[in-house]
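Undergrad:
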Amino acid sequence: MKRAPLTGGPSHPVQEPNGLPAIAGGEPIRARERRLIFGAPVIGEAEIASVVECLRSNWIGLGGRVERFEQEFARYKGAPYAVGVSSGTAAIHLALVALGIGAGDEVIAPAMTFCSTIHSIVHTGAKPVLVDCSGSTFNIDPAQIEARITSRTKAILVVHMCGRCCEMDPILDLARRHGLRVIEDCAHAIEATHHGVPAGLMGDAGCFSFYPTKNITTGDGGMVITRDRQVYERVKILSLHGMTADAWSRFVGGPTGYEVIAAGFKYNMTDLAASLGLPQLTTIEERWRQREQIWRTYTERLKQLPLLLPPPPAAGSRHAYHLFTPLLVLEKLGVDRQTIIAALDAENIGVGIHYIPVHQHPYYRQQFGFVDSDFPNASFVGERTISLPLSSAMSEQDVDDMATALTRIFRYYAASA
Ligand SMILES: Cc1ncc(COP(=O)(O)O)c(C=O)c1O
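Those letters in the sequence shown? Residues 23 to 439, by this note's numbering.
1. Spell out the partners DSSP gives residue 150 in its beta bridges.
2. Could you check which residue in 260, 56, 217 has the C-alpha nearest to that of residue 118?
3. According to DSSP, simplified to helix, strand and coil, what is residue 23?
4. Confirm the yes/no value for this check: CB of residue 244, any heavy atom of ligand 1, distance under 6 Å.
5. Residue 398 to residue 154, Cα distance in whole Å?
6. Which whole-angstrom value is the C-beta distance of residue 185 and residue 206, which I expect to be below 8 Å?
7. Quick check on this structure: which residue in 372, 327, 148, 68 has the alpha carbon closest to the alpha carbon of residue 50?
8. One question on the structure: do residue 150 and residue 143 come within less than 7 Å of each other, judged by their Cβ atoms?
9. Under the DSSP definition of a beta bridge, which residues are partnered with residue 200?
10. Just the C-alpha distance for residue 293 and residue 254, rounded to the nearest angstrom, thanks.
11. What did DSSP end up calling residue 426 once you bin it into helix, strand or coil?
12. Apart from the five residues just before and just after residue 295, which ones in its own chain have a Cβ nearer than 6 Å to its Cβ?
13. What number of angstroms, rounded off, separates the C-alpha of residue 53 from the C-alpha of residue 364?
14. Using 8 Å for Cβ pairs, my map puts residue 347 next to residue 401. What's the rounded Cβ distance?
15. When you compare the CB positions of residue 440 and residue 68, do they come within less than 7 Å of one another, or not?
16. Examine ligand 1 and report whether any of its heavy atoms sits within less than 6 Å of the Cβ of residue 409.
17. With H, G and I counted as helix, E and B as strand and the rest as coil, what does DSSP make of residue 230?
18. Sorry if obvious, but does the Cβ on residue 372 come closer than 6 Å to a heavy atom of ligand 1?
19. Assuming residue 247 contacts residue 125 under a Cβ cut-off of 8 Å, what Cβ separation, rounded to an integer in Å, is found between them?
20. Considering Cα atoms alone, identify which of 157, 425, 439, 436 is closest to residue 349.
21. On the criterion of 16 or more Cβ atoms from any shown chain inside 10 Å, does residue 29 qualify as buried, or is it exposed?
22. Could you check whether residue 162 and residue 137 sit closer than 7 Å to each other, using their CB atoms as the reference points?
23. Run the proximity test for residue 209: is its beta-carbon closer than 6 Å to any non-hydrogen atom belonging to ligand 1?
24. In terms of residue numbering, what span does the alpha helix (DSSP H) encompassing residue 320 cover?
25. Flag this pair as touching only if the segment 58 to 73 and the segment 192 to 199 have three or more C-beta atom pairs under 8 Å; answer yes or no.
26. The alpha helix (DSSP H) spanning residue 82 covers which residue range?
27. Give me the Cβ distance between residue 355 and residue 427, rounded to the nearest whole Å; I'm assuming they're in contact under 8 Å.
28. So who's on the other strand from residue 88, going by DSSP bridges?
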């Protein structure tokens with residue numbers, strides 16, 4: 023039974039008036055001023071001081087702080103090369119272009135991802151060929167990749183969804199056998215590893231995002247890491263207009279001129295952005311442990327509710343704990359996801375949706391003719407997934423409020439389902 027949010031109530035009287043959700047007239051779990059914001063960045067005094075210092079330095083564009091951020095990020099990841107860029111989208115686009123992907127090529131990618139993973143393929147002129155995901159991990163299903171490989175396929179672009187690494191062994195094996203490049207979208211997977219190998223270093227290039235909701239933020243920003251010197255050099259040059267020297271290297275005494283050797287992009291990171299990111303690299307592991315604890319508490323507190331909880335991290339892999347994404351068992355709730363989100367909103371709790379799958383967006387339907395029936399798992403997940411707040415800044419009370427709100431809302435709707 024579907025019920026409209028805000029006006030709806032159970033079909034029979036509820037015995038515990040105090041237990042009513044706010045959407046049905048109960049007291050909100052949190053006051054408006056204490057709203058639990060989904061994806062709030064964790065910015066402390068060290069980050070503020072670092073940005074102020076940069077502002078006072080008279081150099082806020084591409085410069086020494088970007089260089090330091092690249093070096094320290096590369097050290098954290100164990101990467102030989104890293105290039106800071108303006109966004110995760112720019113990172114993916116640059117990696118594809120640097121690997122020679124362009125018009126007439128096909129790139130295999132998951133249907134379950136953020137649209138910009140796929141936009142990056144489209145912007146090279148190549149054609150995205152989507153593959154369905156696993157219904158439990160949301161990661162691309164390796165068993166369905168080979169059937170999509172054609173003579174035009176040049177690369178496989180994987181996304182480590184929510185911070186869980188894809189099953190890379192069969193994917194790397196396929197890539198080797200078919201001579202394909204592998205690009206990793208690591209927007210969710212900064213701290214992840216797979217059999218000891220850091221996410222981003224299993225394929226030819228790893229692409230990271232420092233968007234405000236990510237595990238590290240630079241406001242907006244991204245990074246490409248690689249083991250391949252040629253890919254590194256190409257990404258570096260393409261990230262700044264295709265120029266052979268940037269303003270910083272000229273300022274610190276490098277060549278006074280430059281040449282343009284490619285039609286590059288304006289995708290560089292700035293010192294201002296890097297100054298916000300730098301202090302976060304010193305607390306990254308501590309914050310990872312805090313999110314791991316919240317993940318465990320959610321798993322314990324929510325296990326009796328009509329939810330399909332994310333499976334535990336795979337053996338031998340390190341989860342980055344970026345998103346906690348239970349699936350709503352709508353059949354037991356009798357209402358749709360929007361109703362649950364509205365009910366949480368009335369409790370002053372914000373949640374996310376990751377994602378409406380790519381094949382369901384009008385542009386992709388119209389341009390490439392994608393249909394739901396080719397992606398049953400992504401369609402199933404896309405209709406049911408919600409992302410709960412998961413941040414190292416959350417207190418025990420915050421986590422408790424989230425669990426209490428869901429319990430109360432589900433009890434209310436399930437009672438009349
Ligand atoms: C899976 C995935 N890929 C790519 C991106 C794009 O990153 P950005 O927003 O930094 O461009 C995001 C970020 O939202 C993402 O979640």
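Backbone N, C-alpha and C define an ideal beta-carbon position, used for all residues, glycine too.
TA: Taking the geometry as given:
1. 129
2. 260
3. The predicted position of residue 23 is uncertain, since its pLDDT is 30 and thus under 50; a value taken from the coordinates is nonetheless stated next. Assigned with DSSP and collapsed to three states, residue 23 falls in coil, not helix or strand.
4. yes
5. 7 Å
6. Actually they do not touch by this definition, with Cβ atoms about 13 Å apart.
7. 372
8. yes
9. The partner list for residue 200 (beta bridge, DSSP) is empty, contrary to what the question assumes.
10. 20 Å
11. helix
12. 240, 241, 243
13. 16 Å
14. At roughly 16 Å, the Cβ-Cβ gap does not stay under 8 Å, so residue 347 and residue 401 are not in contact.
15. In the structure as shown, the chain starts at 23 and stops at 439, and residue 440 therefore has no counterpart that could be examined.
16. no
17. strand
18. no
19. At roughly 27 Å, the Cβ-Cβ gap does not stay under 8 Å, so residue 247 and residue 125 are not in contact.
20. 157
21. At residue 29 the pLDDT is 30, less than 50, meaning the model places this residue with poor confidence; the figure from the coordinates comes in the next sentence. With fewer than 16 Cβ atoms within 10 Å of its Cβ, residue 29 is classed as exposed.
22. no
23. Distance from the C-beta of residue 209 to the nearest heavy atom of ligand 1 is below 6 Å.
24. Taken as a continuous stretch (DSSP letters only), the alpha helix (DSSP H) holding residue 320 covers 306 to 324.
25. no
26. Run containing residue 82: none; DSSP gives neither H nor E here.
27. Contact doesn't hold; Cβ gap of about 14 Å is too wide.
28. Looking at the DSSP assignment, residue 88 forms no beta bridge with any residue, so it has no partner.
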